[in-house]
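**Q**
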Amino acid sequence: MAELITPVLTAGIGQQNFRDLEAYRSAGGYEQLRRAVVEMTPKDVADICSGSNLRGRGGAGFPTGKKWSFLPNNGRPRYLVCNCDEAEPGTFKDHMLLEETPHQIIEGILLGAYAIGCDHAFIYIRGEFKRGYEIMRDALAQARAAGFEGENVFGTGKKLRLTIHRGAGAYICGEETGLLNSLEGRRGEPRLKPPFPAVKGLYGEPTVVNNVETLAYLPYIMRNGAEWFAKAGPERSPGFKIVSISGHVVKPGNYEVAMGTTIRQLIYECAGGLRPGRSFRGVQPGGGSSACLFEEHLDVPYDFDSVAKAGSMLGSGAMVVFDDTTDFVKAAYTLIRFYSHESCGQCTPCREGGSWIERSLERLLAGGGLDSDIDVIKSAAHQLTGLNLCALGDSIEPFLASVITRYEDQFRAYVPRAAVAS
Amino acid sequence: MSMGIDSDAASGVHPSADAHAEVSSWSPHVVRAGNAFDTLYAKLQPEIARLLGEYEQKRSALIPLAQLFQDHEGFVSADAIAAIAYIVDETTASVESTVSFYTLLYRRPIGKYMVQVCRNLSCMLNGAEEIMAHTRLTLGVEHLETTSDGLISYEEVECLAACDRAPCAQVNLEFVYDLTPQRVEELIAALRAGTPAFAPLAQTQTPGRSWKVDQDSGRKSRGAVGVSNPNNAGGIGDASGRAMFDLIVGRPQYEQRSDERLLRETTLRVEASENGH
Chain A
6 MAELITPVLT AGIGQQNFRD LEAYRSAGGY EQLRRAVVEM TPKDVADICS
56 GSNLRGRGGA GFPTGKKWSF LPNNGRPRYL VCNCDEAEPG TFKDHMLLEE
106 TPHQIIEGIL LGAYAIGCDH AFIYIRGEFK RGYEIMRDAL AQARAAGFEG
156 ENVFGTGKKL RLTIHRGAGA YICGEETGLL NSLEGRRGEP RLKPPFPAVK
206 GLYGEPTVVN NVETLAYLPY IMRNGAEWFA KAGPERSPGF KIVSISGHVV
256 KPGNYEVAMG TTIRQLIYEC AGGLRPGRSF RGVQPGGGSS ACLFEEHLDV
306 PYDFDSVAKA GSMLGSGAMV VFDDTTDFVK AAYTLIRFYS HESCGQCTPC
356 REGGSWIERS LERLLAGGGL DSDIDVIKSA AHQLTGLNLC ALGDSIEPFL
406 ASVITRYEDQ FRAYVPRAAV AS
Chain B
1052 MSMGIDSDAA SGVHPSADAH AEVSSWSPHV VRAGNAFDTL YAKLQPEIAR
1102 LLGEYEQKRS ALIPLAQLFQ DHEGFVSADA IAAIAYIVDE TTASVESTVS
1152 FYTLLYRRPI GKYMVQVCRN LSCMLNGAEE IMAHTRLTLG VEHLETTSDG
1202 LISYEEVECL AACDRAPCAQ VNLEFVYDLT PQRVEELIAA LRAGTPAFAP
1252 LAQTQTPGRS WKVDQDSGRK SRGAVGVSNP NNAGGIGDAS GRAMFDLIVG
1302 RPQYEQRSDE RLLRETTLRV EASENGH
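Quick mapping for you: the protein sequence lines, in order, are chains A and B.
For what it's worth, this note's numbering labels the leading residue of the first sequence as 6, then goes sequentially.
For what it's worth, this note's numbering labels the leading residue of the second sequence as 1052, then goes sequentially.
1. Below 8 Å on C-beta distance, what does Arg-1110(B) contact in chain A?
2. What is the residue span of the beta strand (DSSP E) that Thr-212(A) lies within?
3. Whole angstroms are fine: how far does the CA of Leu-369(A) sit from the CA of Ser-427(A)?
4. Quick one: measure Cβ to Cβ for Gly-292(A) and Arg-62(A), integer angstroms, because I've assumed they're closer than 8 Å.
5. Could you give the C-beta distance for Glu-1209(B) and Asn-1171(B), rounded to a whole number, given that I count them as a contact under 8 Å?
6. Please list, in chain order, the residues of the stretch 171–183 of chain A that have any C-beta partner in chain B closer than 7 Å.
7. Exposed or buried, what is Glu-363(A) when buried is set at 16 or more other beta-carbons lying within 10 Å of its beta-carbon?
8. Let me see if you follow: with CB-CB separation under 9 Å, is Ile-250(A) close to chain B or not?
9. Run through the DSSP bridge pairs and tell me what Ser-84(A) is partnered with.
10. Give me the DSSP bridge partner(s) of Glu-170(A).
11. Please report the straight-line C-alpha distance between Gln-21(A) and Ser-1148(B), rounded to a whole angstrom.
12. So that I know if they touch, is there some Cβ in chain A lying closer than 9 Å to that of Leu-1224(B)?
13. For Pro-354(A), collect the residues of the same chain with a Cβ closer than 8 Å to its Cβ; drop the 5 residues on either side in sequence, then sort them by chain order.
14. Helix, strand or coil, according to DSSP, for Phe-1152(B) in the structure here?
15. Counting C-beta neighbours from all protein chains within 10 Å, is the total for Gln-1233(B) 16 or more, i.e. buried, or is it exposed?
16. Taking only three categories from DSSP, how would you classify Asp-1267(B)?
17. I want to see whether chain A comes within less than 9 Å of Thr-1149(B), judged by CB atoms only; does it?
18. So with Cβ pairs under 9 Å, would you call His-1071(B) a contact of chain A?
19. So is Thr-1186(B) in contact with chain A if we call contact Cβ pairs under 9 Å?
20. Using a Cβ cut-off of 9 Å (strictly closer), state whether Gln-1266(B) contacts chain A.
21. In whole angstroms, give me the CA-to-CA distance for Leu-9(A) and Tyr-138(A).
22. How long is the line joining the alpha carbons of Ile-18(A) and Gly-56(A), rounded to whole angstroms?
23. DSSP on Gln-289(A), reduced to helix/strand/coil?
24. Any contact of the stretch 1179–1186 of chain B with the stretch 162–175 of chain A, i.e. 3+ C-beta pairs under 8 Å?
25. Select from Gly-70(A), Asp-378(A), Arg-30(A) the residue whose C-alpha is nearest the C-alpha of Lys-48(A).
26. With a 10 Å radius around its C-beta and 16 neighbouring C-beta atoms as the bar for buried, classify Asn-259(A) as buried or exposed.
27. So is Cys-132(A) buried or exposed if we call it buried at 16+ other beta carbons inside 10 Å?
28. Specify, as a first and last residue, the run of the alpha helix (DSSP H) that Asn-229(A) falls within.
29. Closer than 7 Å between beta carbons: that is the criterion. Which residues of the stretch 1194–1216 of chain B meet it against chain E?
30. Looking at chain B, which residues of the stretch 303–335 of chain A have a Cβ within less than 8 Å of any of its Cβ atoms?
31. Measure the C-alpha to C-alpha separation of Leu-1156(B) and Ala-173(A) and round it to an integer number of angstroms.
32. Express the C-alpha separation of Pro-1160(B) and Pro-195(A) in angstroms, rounding to a whole number.
33. Using a Cβ-Cβ cut-off of less than 8 Å, give me the residues of the stretch 84–103 of chain A that come near chain B, in sequence order.
34. Give me the chain B residues within the contact set of Glu-261(A), using Cβ-Cβ distance strictly less than 9 Å, ordered along the chain.
35. For Ser-1261(B) and Thr-1197(B), what's the separation of their Cα atoms in angstroms?
36. Would Ala-1100(B) pass as a contact of His-100(A) if the rule is Cβ separation under 9 Å?
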């Protein structure tokens, strides 16, 4: 256990008060930002990031350096937006980072902004994180007073500004173009792509949207070198990852490990395994949008490519563990209800498909379901994917499809047999 | 599980369609004597200017402005919408459209305490259903309702990103962790006693039963409710379909048929027409 956990972003949390600027600085904080702004060119910083092979920690796992490289050199203003609209079911890493280590996030954002040549960055904080927002606001005031953020950072005359923006309650604003619309004061409805944000993003200008955890790794990659990060974990999916483990485990929590740690190690060594007397039935490896994995997948290494090869996805890095007390019909219904509720309503397959499946499952749970409902649910689920503007519609089906295949008996058990006999 | 009330953020029903809606007479050029909103508007000018200064485009301040007015009035009033439209140079319809999208912006007054219990997966696996049932019972209200004394509003919400300490909830957006039925009772008793660990929200008007606008129809069509021809029934799985189904079952000529058979018959009709395409 001890050697599995590799604290980088989570180092010192619980022992030190990193909300305080001095505590963060005495641990080496803001030194990398100073070095970058004073001694390095933006390209130097971007090259280090590319060399580390860092992949986005928000869900899609897109290589960060490559995302930055898509920005056109058209002389237009550029924007960096840090996505802290964490709302994927089962994910609670950004919540912890925001409340415990706000300066780490600020330094990461400003490093990213410097690297892409952006002088005004934004952090979009989920509306529910009121306390996190206040902590971030106080931390930013400290950083501003110290001259690390603002019109003249480290006395170099360079401008690096950060605006904190609070959301107002909408899961869909975690989708990058929905987030940009929300940041522009509109309904958080995702945009048609292309053009991608790198070409036309915030205010129609080239924009990069990166997750909190992604940006927070930048100071450490700068400090320890790209090699250090690239050599931890598998070559194509390197580095460290905070895994949020919850559900039926003894010690739910955030565990920072090297990529490639197996799912079994994460559940049984980090999170203390299942509760006494219970047996394993499944795990959702990457948030509410990911397909369930089962006993045969326990030794799958936890990295982007291996989890994808096993038929699911690493997503936001949130594992929800199910033991033998789980009612998978209720679990599926809970998630379908979530996606149905959070659908922005633009695309018909997502809006109608999600609510249709939700109501069918609701009827099944209420004891009014039919065997044919289950067949229809199975066929309808496959008609949602790939037909929507954004990934929300595609997220409805994977978990349901995986558990309805594996535990079809649980679904059939809800069909009242006496009614069929009459 | 009741469905009819499950309206949500995406329902953009214009308030003029609603009998209780207020029409704002706010104007940037006329100060209404003794008007509380006009006083507030004047007082908030420095904060409004600060918010506008955070962004390259004024419209980006729309949601922060709505939050600002809500912090002081308890909800986003018709006056606030008119004022925001003026500040960001958009139409009131445009502001209304944005405000109505977000679940944390309330267009009707709410209680002094907003209790939001998580109903998503990790909490569900750890007993959220019991917590929700217990909260509803203790408060005497349903999802999306406010107690009759106007003190506490109750909502069942989606994942709050605190799954390691499930089941969880928020009171006025402050987290409450590791809930048990007993902790729920203690919490509500504390809120009622007026000695809570949570600062009350602003409340400038008495809340109604729910803060949702057009809570009955929600985003989806009510479809065939009240239509007597079975061939006009809405989708089998939706609320209108269920209402239709009840109507059909209630008719004398169908009395002898089982639910199963009726459903099969109506389902077959739908499949036949689909296959015809």
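Glycine included, every Cβ here is placed at the ideal spot set by N, Cα and C.
**A** So, to answer that:
1. Counting from one through the second sequence, the residue named residue 1110(B) turns up at place 59. Those within 8 Å of Arg-1110(B) in chain A are Glu-189, Gly-190, Arg-191.
2. For the purposes of this step, residue 212(A) is taken as residue 207 along the first sequence, with counting starting at 1. That run of the beta strand (DSSP E) goes 212–216.
3. On the first sequence, position 422 is the one that residue 427(A) refers to. On the first sequence, position 364 is the one that residue 369(A) refers to. Because Ser-427(A) sits at a pLDDT of 46, beneath the cut-off of 50, its placement in the model cannot be relied upon, and the following sentence gives the value as read from the coordinates. Taking the straight line from one Cα to the other gives about 18 Å.
4. For the purposes of this step, residue 292(A) is taken as the residue at position 287 of the first sequence. For the purposes of this step, residue 62(A) is taken as the residue at position 57 of the first sequence. Not a contact, Cβ separation roughly 12 Å.
5. The residue you call residue 1209(B) lines up with position 158 of the second sequence. The residue you call residue 1171(B) lines up with position 120 of the second sequence. Right, their Cβ atoms sit about 5 Å apart.
6. Taking 7 Å as the Cβ-Cβ cut-off against chain B, the residues of the stretch 171–183 of chain A that qualify are Arg-171, Ala-173, Gly-174, Ala-175, Tyr-176.
7. Translated into the one-based positions of the first sequence, residue 363(A) becomes position 358. Under this definition Glu-363(A) is a buried residue.
8. Here the question's residue 250(A) lines up with position 245 in the first sequence. Yes, its Cβ sits closer than 9 Å to a Cβ of chain B.
9. Here residue 84(A) corresponds to residue number 79 of the first sequence, with the count starting at 1. Note that residue 84(A) is Tyr in the sequence shown, not Ser. According to DSSP, Tyr-84(A) shares a beta bridge with His-125(A), Thr-212(A).
10. As a working note, residue 170(A) is residue 165 in the first sequence. For the sequence presented, residue 170(A) should be read as His rather than Glu. In DSSP, His-170(A) forms a bridge with Tyr-129(A).
11. Walking along the first sequence from the start, residue 21(A) turns up at place 16. Walking along the second sequence from the start, residue 1148(B) turns up at place 97. Here the alpha carbons of Ser-1148(B) and Gln-21(A) stand approximately 44 Å from one another.
12. Here the question's residue 1224(B) lines up with position 173 in the second sequence. Contacts with chain A at 9 Å (Cβ-Cβ) include Leu-1224(B).
13. By 1-based counting over the first sequence, the position of residue 354(A) is 349. Gln-388, Leu-389, Leu-392, Asn-393, Gly-398.
14. Along the second sequence, one-based indexing puts residue 1152(B) at 101. Correct three-state label for Phe-1152(B): coil.
15. Indexing the second sequence from 1 puts residue 1233(B) at position 182. So Gln-1233(B) counts as exposed.
16. Walking along the second sequence from the start, residue 1267(B) turns up at place 216. Residue placement at Asp-1267(B) is flagged as unreliable, the pLDDT there being 39, under the threshold of 50; the coordinate-derived value follows with that caveat. Residue state, collapsed to three classes: coil.
17. Numbered from its first residue, the second sequence carries residue 1149(B) at position 98. Judged by the 9 Å Cβ criterion, Thr-1149(B) is in contact with chain A.
18. In the second sequence, residue 1071(B) corresponds to position 20, counting from 1. At His-1071(B) the pLDDT is 46, less than 50, meaning the model places this residue with poor confidence; the figure from the coordinates comes in the next sentence. It does not; no Cβ of chain A falls within 9 Å.
19. On the second sequence, position 135 is the one that residue 1186(B) refers to. Answer no: the Cβ-Cβ gap between Thr-1186(B) and chain A never drops below 9 Å.
20. The count along the second sequence starts at 1 and reaches residue 1266(B) at position 215. Note that Gln-1266(B) scores a pLDDT of 40, beneath 50, so its modelled location is shaky; the value from the coordinates is reported in the next line. No, Gln-1266(B) does not count as interfacial toward chain A.
21. In the first sequence, counting from the first residue as 1, residue 9(A) sits at position 4. In the first sequence, counting from the first residue as 1, residue 138(A) sits at position 133. Straight-line spacing of the CA atoms in Leu-9(A) and Tyr-138(A) works out to 32 Å.
22. Here the question's residue 18(A) lines up with position 13 in the first sequence. Here the question's residue 56(A) lines up with position 51 in the first sequence. Each residue's alpha carbon lies about 28 Å from the other.
23. By 1-based counting over the first sequence, the position of residue 289(A) is 284. In the structure shown, Gln-289(A) sits in a strand (DSSP, three-state: E or B).
24. The stretch 1179–1186 of chain B vs the stretch 162–175 of chain A: no contact.
25. The residue you call residue 48(A) lines up with position 43 of the first sequence. Distances from the CA of Lys-48(A) to each of Gly-70(A), Asp-378(A), Arg-30(A) were compared; the closest alpha carbon is that of Gly-70(A).
26. Locating residue 259(A) in the first sequence gives position 254, counting from the first residue. The residue in question, Asn-259(A), is buried, as its Cβ has 16 or more Cβ neighbours within 10 Å.
27. In the first sequence, residue 132(A) corresponds to position 127, counting from 1. It is Gly, not Cys, that sits at residue 132(A) in the sequence shown. Buried is the call here.
28. For the purposes of this step, residue 229(A) is taken as residue 224 along the first sequence, with counting starting at 1. That run of the alpha helix (DSSP H) goes 223–229.
29. Although the question refers to chain E, the structure presented lacks it and instead comprises the protein chains A and B.
30. In summary, the residues of the stretch 303–335 of chain A whose CB is separated from some CB of chain B by less than 8 Å are Ala-323, Val-325, Phe-327, Thr-331, Lys-335, in the order they occur in the chain.
31. Taking the first residue of the second sequence as 1, we reach residue 1156(B) at position 105. Taking the first residue of the first sequence as 1, we reach residue 173(A) at position 168. In a straight line, the C-alpha of Leu-1156(B) is about 6 Å away from that of Ala-173(A).
32. In the first sequence, the residue the question calls residue 195(A) occupies position 190. In the second sequence, the residue the question calls residue 1160(B) occupies position 109. Their backbone Cα atoms lie some 29 Å apart in a straight line.
33. Listed by position, the residues of the stretch 84–103 of chain A near chain B (Cβ gap below 8 Å) are Glu-91, Ala-92, Glu-93, Pro-94, Gly-95, Thr-96, Phe-97, Asp-99, His-100.
34. On the first sequence, position 256 is the one that residue 261(A) refers to. Per Cβ cutoff of 9 Å: no residues; Glu-261(A) is ~14 Å from chain B at best.
35. Your numbering for residue 1261(B) matches position 210 in the second sequence. Your numbering for residue 1197(B) matches position 146 in the second sequence. Computed Cα separation, rounded: 6 Å.
36. For the purposes of this step, residue 1100(B) is taken as residue 49 along the second sequence, with counting starting at 1. For the purposes of this step, residue 100(A) is taken as residue 95 along the first sequence, with counting starting at 1. It is not a contact, given that the beta carbons lie outside the stated cut-off.
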